[in-house]
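In full-length UniProt numbering, the protein residues as written are 1 to 239.
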């Protein structure tokens, strides 16, 4: 496969994400730091990206080349004597918001269903756990309800699965110029929001501008990590 073929595969994958409502051209421009016109020209085959630009797009969308290779090319990499290799997967439990907030480990009785995710995709995520979370089960998932989706559309479509990394409880930026989505405890509720911290308040920011910003005051000796359940590391829309 040459660079032009790879370029087209990435373009088509981005267009699929836009059609599903989980990405917009303006959002991609914001994530990558390109001008929106540059991204629009790329998506419409009017302008090509450099190899560095393609890397920025892949990193912004948490994409690996192996995930978008045609099946025949991916299979061709396996040794004939061994048959097609299967990448190890981890069955991530989908749980209720209350279990995500409170359960140190997820019991079978608390698992609503499971979703298979490549082990390498999970553990390539960097961890920054708070001291009280280091022994908690790291990865689990919740389904986004209408309220979550309304506040964070189109990043979190209704019914999509948000995979949480409960070993990332820090507000340190995970990627430059790209706001993370966090799962945050607000009383009995679990909210998925962008988060800032200022003057002893967590600022819970929706992606949709018309949706209200919420403030979560911290008392003495509390830190943001006491309320941040984890970082949304993957969103899967079609499950």
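Note that the Cβ used here is the ideal one computed from N, Cα and C, for glycine as well. Computed from a predicted model, the values in this text were never measured in an experiment.
Q. Which whole-angstrom value describes the C-beta separation of residue 184 and residue 202, a residue pair presumed to lie in contact below a C-beta threshold of 8 Å?
A. 7 Å
Q) Measuring CA to CA, which of 172, 199 and 164 is closest to residue 96? A) 164
(Q) For residue 174 and residue 195, which I take to be in contact (beta-carbon distance under 8 Å), what is that distance rounded to the nearest angstrom? (A) The Cβ separation is near 12 Å, so there is no contact.
Q. Counting along the chain, where does the beta strand (DSSP E) carrying residue 177 start and finish?
A. Counting along the chain, residue 177 falls outside any beta strand (DSSP E), and DSSP gives it neither H nor E.
Q. Per DSSP, residue 196 forms a beta bridge with which residues?
A. 203
Q.
Rounded to the nearest angstrom, what separates residue 229 and residue 192 at their Cα positions?
A. 10 Å
Q. Cα-Cα, which of 124, 100, 61 and 109 is closest to residue 22?
A. 61
**Q.** Coil, strand or helix - residue 39 by DSSP
**A.** helix
Q | Proximity of residue 160 and residue 220 at Cβ, strictly below 7 Å | A | no
Q) Could you give the distance in angstroms between the alpha-carbon of residue 223 and the alpha-carbon of residue 216? A) 11 Å
(Q) Using a Cβ-Cβ cutoff of less than 6 Å, which residues in the same chain neighbour residue 197 once the five nearest sequence positions on both sides are dropped? (A) 171 and 224
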